[in-house]
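Here the protein sequences line up with chains A and B, keeping their order.
So for the first sequence, my numbering puts the first residue at 454; every next one is plus one.
So for the second sequence, my numbering puts the first residue at 24; every next one is plus one.
Note that CB positions come from ideal geometry on N, CA and C, so glycine has one too.
One structure is given here, and the rest of the page talks about it.
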Amino acid sequence: MSANGKPKIAFFDFTSCEGCQLTVVDSLQDHPELLNVVEIVQFREAMSEKGEDYQIAFIEGSCTRESDEARLKAIRERASLVVALGTCAHLAGVNALKALHPLEDVRKYVYGDKWEWYETYDARPIEAVIPVDFAIPGCPIDRNEFIAVVKALLLGKKPPIPDYPVCVECRLKENVCMYTKGKVCLGPVTRAGCGAICPTYGSSCEACRGFISNPNQDSMKDVLAEAGLSVDDIMNIYTMFTTYQVREKLLQKG
Amino acid sequence: MSLTILSKQAFQDFVARILADYRVAGPTSKDGGYIFEEIHDPAELCMDYPTTLLPPKKFLLPTREVLFKYTRQNGGVLKDAPEPPPTVILGVHTCDLHAIQLLDTVFCSGHFDIHYMNRRKKTLIVSIECLNPCDEHSFCKSMGTLTADEGYDLHLTDLGDRYAVDVGTQAGEQLISKYATTKAADKEDIQLLNAVISAKWPKFPYRLDFDVSELPSILELSMKSSLWQELGDRCLACAACTNVCPTCFCFDVKDEVELNLVDGQRVRMWDSCQLDEFATVAGGHNFRASRALRQRHRFMRKGKYILDAHKHLGCVGCGRCARACLVDITPVGVFNELYRQQEAGS
Numbered sequence: 454m455s456a457n458g459k460p461k462i463a464f465f466d467f468t469s470c471e472g473c474q475l476t477v478v479d480s481l482q483d484h485p486e487l488l489n490v491v492e493i494v495q496f497r498e499a500m501s502e503k504g505e506d507y508q509i510a511f512i513e514g515s516c517t518r519e520s521d522e523a524r525l526k527a528i529r530e531r532a533s534l535v536v537a538l539g540t541c542a543h544l545a546g547v548n549a550l551k552a553l554h555p556l557e558d559v560r561k562y563v564y565g566d567k568w569e570w571y572e573t574y575d576a577r578p579i580e581a582v583i584p585v586d587f588a589i590p591g592c593p594i595d596r597n598e599f600i601a602v603v604k605a606l607l608l609g610k611k612p613p614i615p616d617y618p619v620c621v622e623c624r625l626k627e628n629v630c631m632y633t634k635g636k637v638c639l640g641p642v643t644r645a646g647c648g649a650i651c652p653t654y655g656s657s658c659e660a661c662r663g664f665i666s667n668p669n670q671d672s673m674k675d676v677l678a679e680a681g682l683s684v685d686d687i688m689n690i691y692t693m694f695t696t697y698q699v700r701e702k703l704l705q706k707g
Numbered sequence: 024m025s026l027t028i029l030s031k032q033a034f035q036d037f038v039a040r041i042l043a044d045y046r047v048a049g050p051t052s053k054d055g056g057y058i059f060e061e062i063h064d065p066a067e068l069c070m071d072y073p074t075t076l077l078p079p080k081k082f083l084l085p086t087r088e089v090l091f092k093y094t095r096q097n098g099g100v101l102k103d104a105p106e107p108p109p110t111v112i113l114g115v116h117t118c119d120l121h122a123i124q125l126l127d128t129v130f131c132s133g134h135f136d137i138h139y140m141n142r143r144k145k146t147l148i149v150s151i152e153c154l155n156p157c158d159e160h161s162f163c164k165s166m167g168t169l170t171a172d173e174g175y176d177l178h179l180t181d182l183g184d185r186y187a188v189d190v191g192t193q194a195g196e197q198l199i200s201k202y203a204t205t206k207a208a209d210k211e212d213i214q215l216l217n218a219v220i221s222a223k224w225p226k227f228p229y230r231l232d233f234d235v236s237e238l239p240s241i242l243e244l245s246m247k248s249s250l251w252q253e254l255g256d257r258c259l260a261c262a263a264c265t266n267v268c269p270t271c272f273c274f275d276v277k278d279e280v281e282l283n284l285v286d287g288q289r290v291r292m293w294d295s296c297q298l299d300e301f302a303t304v305a306g307g308h309n310f311r312a313s314r315a316l317r318q319r320h321r322f323m324r325k326g327k328y329i330l331d332a333h334k335h336l337g338c339v340g341c342g343r344c345a346r347a348c349l350v351d352i353t354p355v356g357v358f359n360e361l362y363r364q365q366e367a368g369s
């Protein structure tokens, strides 16, 4: 806690596009009063100061190399609460796609003949390295949800992240179902909280926020197959944002 | 109460005039579908719509509504939500009319709901006779909702170039006499109305294989049916069925605090018995943890529990849930299958 009684918060980034932190900057423009209730001590995206004394750490990005682990652990040591900010930190997200190819091929594709100079391993969510208290899902995060989570944390409450599917928000917005339009959509198994923003603007849900706790994946796959998707097609849409989770499931099954 | 005639042009003028004094909602087209929406011009109306994505219920029980605002300063002051505007809902089909009668019973008696009642008493309903089935999913005729003799302020029947208007309430009488130019129905109008009404009934099929009066007892004997597990295996628990339902009325209530952490508002939003968390209580126990139990609960509500509690069937045969379901779970399919199982077992 700072001398003025405001909790100190800090933002960190690992492997990511930093779009979630940009969304935070954006929320600060809509809600500058956020700065009346917290003190930001570290936020590379928005300020030069770097305080190392903080209570809440928001971490964007996946862990993609062994040397990231020490930095993550140091943040965990200092912070009372660690919040995964966005899909890369929460689920490993699109970074995990590289696990679908031999690592050496990926390294050569990205770094060319200097591939051996750069350390990397399969992307993982930060929870694979340190305990995480809460996650704000999404690619990128939803700005309103970020503010709602901050308010909940300041009040000592559990952040209000929905555990129901995107279809709920989509139906209440009176969108014509993507399946009615002859498209496929992962809304029935994907965690809501985005306000069904993609279907609202005509694009199918690709599960960027990850799955609800208890999705009926067998039935979802039947729906996709009935819509004409092959097993490969289904794997393709399932691995866009959730390769790490799909692989974990497959590994569990052997 | 009484029958009068409104030409199509006079109807347009009527809508244009009430727009000056009321919030007016009616069926409009959206992205290949139809929704009930606040309109600002009579030309936005699609009075011959087949069905809407959400029922008109949303104007009486909004998907999300602020119940009151509060502040934690000065001993916790409450401020009521603003008064709802006087509203006219146009083009309500008779299935939805029956559903609103159920909602009125639920929210305006016993543990009455002041927020619903405030909206309801400021809402006038102009319903319209259905002359063709919406599509293959509607089963209003089986549910006894293909017509209505009460529940509306005004009821329209499309006679081609004019509407026959049945005045249902005094408020309806006042609305039409103040805002519309009508003429008394003559013999030809009445003959045409009779011809239109008698021509419509054969177009609507009965879709239940039994009489709807048997539905509660069929359900009562179906608690242990194997069908529930089959439905549970298929159900995505996406809650589309309950969210599009004109009779579902479950809601959740939450407090939303401002960033000053002092002021806030209490909101309620629609909830669904099909969602995992619906029957989860403090401590984490879930009384209906499986999708099978939740589907059984849903159909029991529709065909029995609601009837027992409120004297109205909980299903009006609009077919919205059947249209919305991605895995083809439909009331007609479920009710007929339970009937078949019982016939086979007895």
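Check, Outcome
"Phe464 (chain A) versus Lys503 (chain A): straight-line alpha-carbon distance, rounded", "10 Å"
"Contact set between Met673 (chain A) and chain B, taken where Cβ atoms lie within less than 7 Å", "Leu259"
"Contacting positions in the stretch 464-488 of chain A - beta carbon closer than 8 Å to chain B", "His484, Glu486, Leu487"
"Interface residues of chain C facing Arg142 (chain B) [CB-CB closer than 8 Å]", "Note that chain C does not occur in the displayed structure, where the protein chains are A and B."
"Neighbourhood of Met500 (chain A) by C-beta distance below 8 Å, restricted to the same chain and skipping five residues each side", "Ile493"
"Beta carbon of His160 (chain B) nearer than 8 Å to that of Ala345 (chain B)", "yes"
"Supposed close pair Cys271 (chain B), Ile352 (chain B) - CB separation, criterion 8 Å", "That pair is no contact at about 15 Å."
"Secondary structure, alpha helix (DSSP H): runs of 4+ residues fully inside the stretch 232-299 of chain B", "238-243, 250-257, 263-266"
"Per DSSP, the bridge partner or partners of Tyr370 (chain B)", "Shown here, chain B extends from 24 to 369; a query on residue 370 (chain B) therefore has no answer."
"Buried or exposed (CB count within 10 angstroms, at least 16 for buried), Leu704 (chain A)", "exposed"
"Buried versus exposed call for Pro65 (chain B) [16 or more other C-beta atoms within 10 Å across all chains shown]", "buried"
"Interfacial residues, the stretch 640-671 of chain A to chain B, with Cβ spacing under 9 Å", "Gly640, Pro641, Val642, Gly655, Ile665, Ser666, Asn667, Pro668, Asn669, Asp671"
"Extent of the continuous beta strand (DSSP E) run through Ser666 (chain A)", "Segment: none, Ser666 (chain A) is in no beta strand (DSSP E) and carries neither H nor E."
"Ala527 (chain A) beta carbon less than 8 Å from that of Ile509 (chain A)", "no"
"Residue closest to Ile594 (chain A), alpha-carbon to alpha-carbon, out of A:Glu519, A:Gly539, A:Pro668, A:Ser683", "A:Gly539"
"contact_flag[the stretch 291-299 of chain B, the stretch 145-156 of chain B] where n(CB pairs < 8 Å) is 3 or more", "no"
"Whether Pro641 (chain A) touches Cys661 (chain A) by CB criterion (8 Å)", "no"
"Neighbour list for Val267 (chain B) in chain A, Cβ cutoff strictly below 7 Å", "Arg624"
"Closer than 7 Å at the beta carbon, the chain B residues around Pro618 (chain A)", "Cys261"
"Which residues DSSP lists as bridging Ile512 (chain A), in chain order", "A:Phe465, A:Ala537"
"Chain B contacts made by the stretch 591-606 of chain A, where a contact means CB separation under 9 Å", "Ile600, Ala601, Val603, Lys604, Ala605"
"DSSP beta-bridge partners of Thr168 (chain B)", "According to DSSP, Thr168 (chain B) bridges with nothing at all."
"Closest by C-alpha distance to Gln670 (chain A), when choosing among A:Arg524, A:Lys461, A:Leu639, A:Glu580", "A:Leu639"
"His160 (chain B), DSSP secondary structure in three states", "coil"
"Thr628 (chain A) versus Ala523 (chain A) - alpha carbon distance", "According to the sequence as given, residue 628 (chain A) is Asn; it is not Thr. About 46 Å."
"Collapsed DSSP secondary structure at Asn309 (chain B) in the structure displayed", "strand"
"With 16 other Cβ atoms within 10 Å as the buried cut-off, status of Val602 (chain A)", "buried"
"Candidates B:Gly49, B:Gln364, B:Cys348, of which the one nearest Gln35 (chain B) by Cα", "B:Gly49"
"Nearest-angstrom Cα separation, counted from Pro668 (chain A) out to Ala187 (chain B)", "50 Å"
"contact_flag[the stretch 85-96 of chain B, the stretch 272-287 of chain B] where n(CB pairs < 8 Å) is 3 or more", "yes"
"Within chain A, the residues that Arg314 (chain B) reaches when beta carbons sit closer than 8 Å", "Asn669"
"Residue burial classification, Met246 (chain B) (beta-carbon count within 10 angstroms, cutoff 16)", "exposed"
"Span of the alpha helix (DSSP H), counted from its first residue to its last, around Glu598 (chain A)", "596-607"
"Neighbourhood of Ala605 (chain A) by C-beta distance below 7 Å, restricted to the same chain and skipping five residues each side", "Lys611, Pro612, Pro613"
"Integer Cβ distance of Leu179 (chain B) from Glu211 (chain B), believed to fall under 8 Å", "No, Leu179 (chain B) and Glu211 (chain B) are not in contact; Cβ-Cβ is about 18 Å, not under 8 Å."
"Where the beta strand (DSSP E) through Arg87 (chain B) begins and ends", "87-94"
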